[in-house]
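Novice:
There are 2 protein chains.
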Amino acid sequence: MPKVVDHHERRTLIADALLRVAARDGLEAVSLRHVATEAGVTSGMVQHYFRTKDEMMHFALGVVRERNEARITAAVTRLGPTPTPREFLQAFLTGLLPLDDASRADGLVALAFLAYAAVRPEAGASLRQDAPQLFAYIADQIRTAQAAGTAHAGVDPDAAATGLLGLTEGLGLYLLTGQTTPETALKTLDAHLAFVFSAS
Amino acid sequence: MPKVVDHHERRTLIADALLRVAARDGLEAVSLRHVATEAGVTSGMVQHYFRTKDEMMHFALGVVRERNEARITAAVTRLGPTPTPREFLQAFLTGLLPLDDASRADGLVALAFLAYAAVRPEAGASLRQDAPQLFAYIADQIRTAQAAGTAHAGVDPDAAATGLLGLTEGLGLYLLTGQTTPETALKTLDAHLAFVFSAS
DNA sequence: CCTTTTACGTTGCAACTGCAATGTAACGTG
DNA sequence: CACGTTACATTGCAGTTGCAACGTAAAAGG
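Which chain is which? The protein sequence lines are L and B, in order.
Per this note's numbering, the very first residue in the first sequence carries number 541; after that it's consecutive.
Per this note's numbering, the very first residue in the second sequence carries number 541; after that it's consecutive.
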């Protein structure tokens with residue numbers, strides 16, 4: 541085995557360059573040569589690590605997902621060991637929002653990929669795969685709170701979970717397009733949480 | 541003045557072809573020649589009615605907005621003369637959701653344009669321009685309901701308006717990506733309306 | 001040392017892109 | 001019936017695209 545290099549590291553390096561290009565100029569500006577120059581390598585090297593452009597795109601999509609996941613787990617672990625369901629959800633959903641520059645850039649890319657995947661079923665599947673568990677998990681949090689008496693018993697956990705996630709997604713969109721401010725978004729999210737959970 | 545043709549009609553014809561291409565293959569598949577063949581005309585004609593591709597894009601974006609607007613006003617006028625704020629909002633927000641095939645196609649295109657505009661500030665402005673009035677209008681509906689005693693007095697009308705619109709947008713996204721069903725989306729929207737308004 | 005495998009770099013190509021340029025036919029107007 | 005304006009169609013061009021083909025250097029294994 542000659543000239544050993546960390547394949548995954550190289551691929552991530554290239555994918556990072558791709559994401560920078562996408563965040564700056566949009567996904568349609570992503571070409572082999574653009575990504576290569578952005579990464580400071582030759583286009584031949586890009587071709588060496590990704591046999592096709594679609595393969596590169598797919599890998600980059602995975603990187604975005606990983607980063608988002610990392611952001612959320614970071615926000616949640618910052619909470620401490622035993623958060624209440626409401627605290628947990630508040631941190632979780634806030635972690636989903638593009639509030640700082642880094643997550644904003646990722647959000648823009650994610651938006652571009654969403655449109656990209658909307659007309660490419662096979663790429664869309666990769667986005668959809670973990671959604672059901674997410675819904676179920678959030679619904680469970682609400683059920684737990686209901687059992688503990690800290691959430692209103694009247695609300696349907698599943699509908700509430702969909703509502704919370706959908707609202708977060710929508711607020712994220714508004715943030716990305718500049719139709720609202722971080723303060724308003726956070727306030728709105730809190731207001732919705734107040735609908736689901738009992739006083740404070 | 542020779543050979544009189546309805547300019548606007550031709551442009552709409554071309555824009556419609558563009559939207560079909562965009563809905564089927566994504567915005568990046570939109571090229572002069574693709575649009576021309578889809579419309580069944582020559583690329584020369586497309587160039588005749590749009591001096592540049594950006595001009596064509598911008599026009600098509602306007603068509604999408606108009607169609608959306610028409611859909612909403614249709615849903616609202618279907619209500620009858622004196623709807624309650626809740627009925628009105630229910631119809632309004634439901635009209636925003638991509639529930640049938642036609643609005644779904646438009647929604648996909650709108651999503652693509654959103655990503656497109658996210659990295660093109662001048663195009664983004666065209667999307668943002670009517671948002672503030674929309675927010676204010678919805679907030680006013682809630683205020684009216686509060687004055688009439690049909691909405692909970694405790695809720696902040698502005699936050700609730702942002703919440704309703706954001707949720708609708710998020711649900712629309714979930715519908716487009718197939719992460720939820722129309723039934724669930726409508727149920728979730730209803731549940732959120734129930735948070736804001738007093739018992740049905 | 002020598003061979004084989006890997007890691008690139010370079011070049012080239014066919015396809016496509018937006019767009020300018022140029023042509024032609026038709027129609028209303030003087 | 002000219003004639004100028006408008007409505008297209010055709011062609012061409014420079015730039016970009018994804019990708020294949022080929023080349024070279026280096027390092028591990030025999």
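Note that CB positions come from ideal geometry on N, CA and C, so glycine has one too.
Please read these numbers as outputs of a predicted model, since none were measured by experiment.
Measure the alpha-carbon distance for L/H548 versus L/V649 and round it to whole angstroms.
Specialist: L/H548 and L/V649: Cα-Cα distance of roughly 21 Å.
Novice: Sorted by chain position, which residues of the same chain lie with C-beta nearer than 7 Å to L/L619's C-beta, five sequence neighbours on each side aside?
Specialist: Here the set comprises E627, F628 and A631.
Novice: Listing by chain order, which chain L residues have their CB less than 7 Å from the CB of B/A735?
Specialist: Looking at the sequence provided, one finds Phe at residue 735 of chain B rather than Ala. The answer, in chain order, is F735.
Novice: Less than 8 Å between the beta carbons of L/L637 and L/I612, yes or no?
Specialist: The answer is no: Cβ separation not under 8 Å.
Novice: With 8 Å set as the bound, which would you pick, yes or no: does the beta-carbon of L/V659 sit closer than that to a beta-carbon of chain B?
Specialist: With 8 Å as the cut-off, L/V659 counts as an interface residue toward chain B.
Novice: Can you pull the chain L neighbours of B/E568, defined as C-beta to C-beta under 7 Å?
Specialist: Neighbours of B/E568 on chain L, chain order: E568.
Novice: Could one say the Cβ of B/L713 lies closer than 8 Å to chain L's Cβ atoms, at least one of them?
Specialist: By this cut-off, B/L713 is an interface position.
Novice: Kindly give me the distance between the Cβ atoms of B/I682 and B/V736, rounded to whole angstroms, as I take these residues to be in contact under 8 Å.
Specialist: Their Cβ separation, rounded to whole angstroms, is 6 Å, which keeps B/I682 and B/V736 in contact under 8 Å.
Novice: Just the C-alpha distance for B/R660 and L/R564, rounded to the nearest angstrom, thanks.
Specialist: Going from the Cα of B/R660 to the Cα of L/R564 covers about 10 Å.
Novice: Between the alpha carbons of L/H692 and L/M597, how many angstroms are there, rounded?
Specialist: Approximately 44 Å, taken between the alpha carbons.
Novice: Below 8 Å between beta carbons: does that hold for L/F599 and L/A655?
Specialist: Their beta carbons are not under 8 Å apart, which means L/F599 does not touch L/A655 by this criterion.
Novice: Note down, in chain order, all residues in the region 717-728 of chain B with a beta-carbon under 7 Å from any beta-carbon belonging to chain L.
Specialist: Here the close residues are T717, G718, Q719, T720, T724, K727 and T728.
Novice: Could you give the DSSP three-state label for L/F737: helix, strand or coil?
Specialist: If DSSP states are grouped into helix, strand and coil, L/F737 belongs with the strands.
Novice: For a test of the three-state rule: what should DSSP assign to L/A693, helix, strand or coil?
Specialist: In this structure, L/A693 counts as coil in the three-state DSSP scheme.
Novice: Which value, in whole angstroms, describes the spacing of the CA atoms of L/L601 and L/E609?
Specialist: Their Cα atoms are separated by approximately 12 Å.
Novice: How would you list, in chain order, the residues of chain L whose beta-carbon sits under 7 Å from the beta-carbon of B/R611?
Specialist: Chain L residues near B/R611: none, gap ~18 Å exceeds 7 Å.
Novice: Measuring alpha carbon to alpha carbon, tell me which of B/S643, B/K593 and B/L705 ends up nearest B/S571.
Specialist: Measuring from the Cα of B/S571, the nearest candidate turns out to be B/K593.
Novice: Name the residues in the region 574-601 of chain L whose C-beta lies less than 9 Å from a C-beta of chain B; which are they?
Specialist: So nothing in the stretch comes that close.
Novice: Compare the beta carbon distance of L/L639 and L/T708 with 8 Å and say whether it is the shorter of the two.
Specialist: Their beta carbons are not under 8 Å apart, which means L/L639 does not touch L/T708 by this criterion.
Novice: Which residues in chain B have a C-beta closer than 8 Å to the C-beta of L/D680? List them in chain order.
Specialist: Those within 8 Å of L/D680 in chain B number zero; the least Cβ separation is about 17 Å.
Novice: Could you have a look at L/F628 and say whether DSSP puts it in helix, strand or coil?
Specialist: It is helical.
Novice: For L/R605, does the three-state DSSP call read helix, strand or coil?
Specialist: If DSSP states are grouped into helix, strand and coil, L/R605 belongs with the helices.
Novice: Mind checking whether B/G706 and L/Y714 have CB atoms under 8 Å apart?
Specialist: Yes, they are a contact pair.
Novice: If we cut at 8 Å on Cβ distances, does B/R550 have a partner in chain L?
Specialist: Chain L, which has no Cβ nearer than 8 Å to the Cβ of B/R550, makes this no.
Novice: Would you report the Cα separation of B/D696 and B/A614, rounded to the nearest angstrom?
Specialist: Distance between the alpha carbons of B/D696 and B/A614 is about 29 Å.
Novice: With distances taken Cα to Cα, identify the nearest neighbour of B/D670 among B/V561, B/R605 and B/G647.
Specialist: Among B/V561, B/R605 and B/G647, the Cα nearest to that of B/D670 belongs to B/R605.
Novice: From B/S666 to L/T684, what does the alpha carbon distance come to, in whole angstroms?
Specialist: Cα-Cα distance, rounded: 45 Å.
Novice: Please say whether L/A642 and B/T717 have beta carbons closer to each other than 8 Å?
Specialist: Not a contact, by the Cβ cut-off of 8 Å.
Novice: Spatial neighbours of L/L553 within its chain, please: CB distance less than 7 Å, with the 5 preceding and 5 following residues excluded, ordered by chain position.
Specialist: Hits under 7 Å: A579.
Novice: Just checking: is the beta-carbon of L/Y677 within a distance shorter than 8 Å of some beta-carbon in chain B?
Specialist: So, not an interface residue.
Novice: Spatial neighbours of B/A688 within its chain, please: CB distance less than 6 Å, with the 5 preceding and 5 following residues excluded, ordered by chain position.
Specialist: Once the five neighbours on either side are set aside, B/A688 has no close Cβ partner at all.
Novice: Expressed to the nearest angstrom, what Euclidean distance is found between the alpha-carbon atoms of B/T703 and B/A576?
Specialist: The identity of residue 703 of chain B in the sequence shown is Gly, whereas the question assumes Thr. So the two alpha carbons sit approximately 41 Å from each other.
Novice: Got a sec? Which residues, its chain only, sit under 6 Å from L/T720 by beta carbon, not counting five neighbours each side?
Specialist: Answer for L/T720: Y714, listed in chain order.
Novice: Locate the alpha helix (DSSP H) running through B/Q669, then write down its first and last residues.
Specialist: Per DSSP, B/Q669 belongs to no alpha helix (DSSP H) and is neither H nor E.
Novice: Identify whether B/M541 lies in helix, strand or coil by the three-state DSSP scheme.
Specialist: Residue confidence is low: B/M541 scores 48 on pLDDT, short of 50, so the model does not pin down where it sits. No coordinate-derived value is stated.
Novice: Distance check for B/T724 and L/D698, CA to CA, integer angstroms please.
Specialist: Taking the straight line joining both Cα atoms gives about 9 Å.
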